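What follows is a single structure, written as structure tokens, with notes after it.
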Amino acid sequence: MFRKKYILTIMLFNVCFGQNWLQNQRLERQFKDAISNYNEGRYATSEKILNNLVDSGYDSFREEALLLLLKSQIALNKNSEAKQTAKIFFSTFPTSVLLNYTMESLGDLYVNNSNYDSAYRMYSRAKNLSIEDGYRSKIDKKLLKLIKIKLPQSLLNELLIIETDLQSTNIHLLAIAYSQIMDGKPDDAALTLGKIDPLVLSDDYSNLLESLLRESYKPPSPVLTVGLALPLTGPDSESGQAFLDGFQKGQNFYQYDKQRLSILARDTRSDAIETIKIINELEQINQLVALIAPVNEMSSLSLLSSLSQSSLPVLLTSKQNADITEINENAFLINSNYEMEGKIAAQYIIQHLGLDSIAVLAPAEKNTEIQIDSFISEVDRLGGKVVATEWYSGEPKNLKRQFRFLRQVAFSLDSKEDTFDEALGMEIDSLDALFDVSADDFFDLPQPKTKKMTSSDSSKVLLSTIQAIYMPINHKDLEYIGPQVPMYNFDTKIVGNSSWQQLEILTKENIGPHLKGMSFITSLFNSRHDSVMNDLHNLADYQLGFYSSKLLTTLDMNEISRTAFNTSLKEIDMFHDEGFNYYPSPSNKNVNSAFQLIDFNGKDFVRSGVLTIDSLNIVKVQNP
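In structure tokens:
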């Protein structure tokens with residue numbers, strides 16, 4: 163009897179063990195599938211799998227599944243669902259080893275919702291729960307970004323009261339000092355910085371600490387409160403973060419001290435509707451004297467329309483169309499516009515170079531067409547001639563048709579032999595004309611000469627009759643156009659736009675020697691051999707932020723107000739820096755009309771001067 167019961171027990175155990183093992187295997191496969199889908203960006207599929215896994219009630223992988231479910235929901239912008247998942251995790255696993263990762267994820271959620279106070283709290287808790295150096299450094303980088311957005315001192319003082327971690331205490335003090343500097347209170351910042359132990363802070367905060375210490379030595383100065391509407395999250399987050407980094411470095415460059423900048427950065431989430439919402443919220447802040455928005459043309463139109471009744475100056479840092487300033491008289495184009503660039507290019511070729519036979523090669527796009535129309539009009543006005551205009555669409559992998567046509571035009575422009583009458587340069591006497599005589603009796607007729615060029619258009623013939631080719635291309639086009647230009651043997655001046663500022667392409671062996679002497683016209687030029695700037699993927703965004711903030715610190719303002727800011731920016735004589743100039747156009751004080759003239763010597767770029775819309779001479783600059 164006993165033996166039968168024993169055998170039955172063993173059998174039941176084996177059955178249960180087998181079932182549990184099979185269940186574990188099945189759940190493990192599901193969890194791995196969820197991980198795979200998450201890693202490949204299929205967040206909706208990952209969420210569906212994980213919901214089923216969590217709802218199964220089985221404890222295996224439930225802790226990990228909840229965390230991954232939270233991250234999937236955040237990626238899908240399911241904020242309410244994500245908060246509920248986090249709540250379940252905290253109540254079910256209050257002592258979990260994954261607690262720090264859950265708090266970090268919740269911090270990411272708050273950042274996506276522009277709730278920077280709560281995000282800072284979550285990141286701080288996540289860091290305190292971990293002892294792993296690599297992870298703590300990762301969190302430090304997130305905290306540093308939030309500090310630079312300028313956190314409220316009330317939050318930081320609250321955290322200081324309850325903080326027990328020495329390193330976190332020093333980070334809170336650093337954040338307070340940053341806010342005090344931004345508010346124009348260097349003395350208060352000096353006292354706060356005196357409480358910080360540099361040896362306790364991680365290396366991630368070293369540069370910020372150094373810059374704040376330097377700023378704290380300066381006497382108090384007027385403070386301009388400016389708003390930044392930036393895509394700090396979403397698909398354009400790298401661009402927005404680069405602009406913010408550049409802006410912060412520019413206003414802390416220790417060169418100008420007419421006023422300090424207090425920055426109110428807000429996240430547009432890379433969304434046009436959210437941008438308008440953020441703009442309108444910032445406009446209601448009375449102490450805000452200006453708004454800076456690196457947005458595209460379509461967003462600019464909506465933005466300026468929404469602020470049509472406001473006195474708030476809006477600085478647009480992306481290149482725009484000229485007529486956009488007509489929508490709002492308080493809009494300023496820091497990066498100029500397409501119409502102005504086309505006009506400047508024409509003046510450079512005709513007036514500065516003295517060339518009058520010009521061809522155009524450009525992408526068939528709306529903004530470029532505006533630029534080319536302006537270029538052609540200015541060429542006509544100045545007495546030059548555009549002999550050919552060629553367009554391309556898409557990637558210019560093969561421009562054989564366009565370049566062959568330009569060569570045909572160049573052949574047709576070859577000087578024809580003077581006519582017989584012109585060669586004579588004389589008249590037959592009217593009396594002699596009464597006699598039946600031939601001109602052959604007076605002199606030998608010139609023998610026919612062989613033409614130098616034929617319609618066959620051999621590619622070996624070097625053509626110089628087109629004196630300049632204007633090529634305002636897209637940035638991605640240069641890698642295709644660069645190798646093609648030398649193939650068609652033009653002895654001509656190539657003039658481009660900022661998209662030609664790619665030294666790694668122009669210095670290739672099959673390009674550089676042939677394009678030596680070309681020039682391009684650009685608003686921004688990276689003349690600084692700054693490793694941070696050169697290594698930055700979004701260099702142009704960084705530069706726009708950097709120079710925009712430096713420009714604002716130089717303004718002569720008799721008072722801190724929106725009206726005074728508007729007036730001072732219109733009346734500025736010339737802002738000059740290594741890679742950027744600002745000069746209001748005489749015809750439209752809201753548009754920058756200063757451009758950098760850059761030459762390519764076959765190996766490197768040389769900054770030759772600054773072109774302005776009303777100057778017949780290039781403003782020379784010194785090169786190192």
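Numbering (my numbering), first residue to last: 163 to 786. A virtual CB, placed ideally from N, CA and C, is assigned to each residue, including glycine. All values derive from a computational prediction rather than experimental measurement.
Measure the Cβ-Cβ separation of residue i and residue j and say whether it is below 8 Å.
i: L406; j: Y367; result: no
i: S473; j: T716; result: no
i: N659; j: E503; result: yes
i: I683; j: A524; result: no
i: I775; j: S730; result: no
i: L686; j: D653; result: no
i: G408; j: F737; result: no
i: E377; j: I343; result: yes
i: S480; j: N458; result: yes
i: F464; j: A434; result: Just to set this straight, residue 464 is Ser in the shown sequence, not Phe. In this structure, A434 lies closer than 8 Å to S464 by Cβ.
i: L665; j: F767; result: yes
i: L230; j: L212; result: yes
i: I454; j: V657; result: no
i: E501; j: S536; result: yes
Among the candidates the options, whose CA atom is the shortest distance from the CA of residue i?
i: S711; options: T387, L370, K678; result: T387
i: N754; options: Y285, K380, I734; result: I734
i: I534; options: S661, I506, L517, Q513; result: I506
i: V772; options: N750, N743, N763, S747; result: N743
i: E527; options: F251, E552, L361, E540; result: E552
i: P648; options: M633, L677, K655; result: L677
i: Y282; options: N262, K304, K300, I293; result: K304
i: N214; options: R204, E202, N201, L228; result: L228
i: P314; options: R298, D345, L261; result: D345
i: I447; options: E325, Q664, Y379, L426; result: L426
i: Y297; options: D270, Y263, L271; result: Y263
i: T627; options: D195, N499, L575; result: L575
i: Q410; options: S462, L477, D429, I311; result: I311
i: Y642; options: S364, A452, L668; result: L668
i: Q413; options: I435, V385, L463, Y650; result: V385
i: P397; options: D766, A237, S770, S424; result: A237
i: Q482; options: D518, I532, Y510, N442; result: I532
i: S218; options: N201, F193, K233, S242; result: F193
i: N241; options: T254, D270, F252; result: D270
i: Q471; options: A337, A493, S208; result: A493
i: L361; options: F567, S330, L478, A206; result: S330
i: G556; options: D761, Y272, D639, N239; result: D639
i: I760; options: D365, F252, N688; result: N688
i: D485; options: S258, S468, L469, S462; result: S462
i: D429; options: S286, A452, G402; result: G402
i: L335; options: P348, L321, A248; result: L321
Going by the DSSP bridge assignment, what does residue i pair with across the sheet?
i: D407; result: For D407, which the question treats as bridged, DSSP gives no partner whatsoever.
i: S519; result: K547
i: L477; result: I454, F494
i: L392; result: D429
i: V753; result: L495
i: Q482; result: N499
i: H514; result: Bridge partners of H514: none, in fact.
i: H738; result: N743
Helix or strand or just coil, what does DSSP make of residue i?
i: T387; result: strand
i: I236; result: helix
i: F582; result: In this predicted model, F582 has a pLDDT of only 36, less than 50, meaning its place in the structure is not dependable enough to derive any value.
i: D697; result: Confidence is the limiting factor: at D697 the pLDDT is only 45, short of 50, which leaves the residue's position unreliable, though a coordinate-based value still follows. Looking at D697 - three-state DSSP - the assignment turns out to be helix.
i: E552; result: strand
i: A244; result: helix
i: Y745; result: coil
i: R151; result: Coverage of the chain is limited to positions 163 through 786, which leaves residue 151 absent and any answer about it impossible.
i: A526; result: coil
i: N720; result: coil
i: Q629; result: coil
i: Q446; result: coil
i: R422; result: strand
i: D766; result: coil
i: G789; result: Beyond the ends of the chain as shown, which are 163 and 786, falls residue 789; an answer cannot be given.
Notebook entry, point to check: What are the uninterrupted segments assigned as beta strand (DSSP E) that are 3 or more residues long and contained completely in the stretch 636-688, given in chain order?
Noted result: 655-658, 681-684
Within the stretch 251-318, note down every full beta strand (DSSP E) run reaching 3 residues or more, in order along the chain. none
Fill in: Unbroken stretches of the alpha helix (DSSP H), 4 residues or longer, contained in the stretch 336-371
348-355
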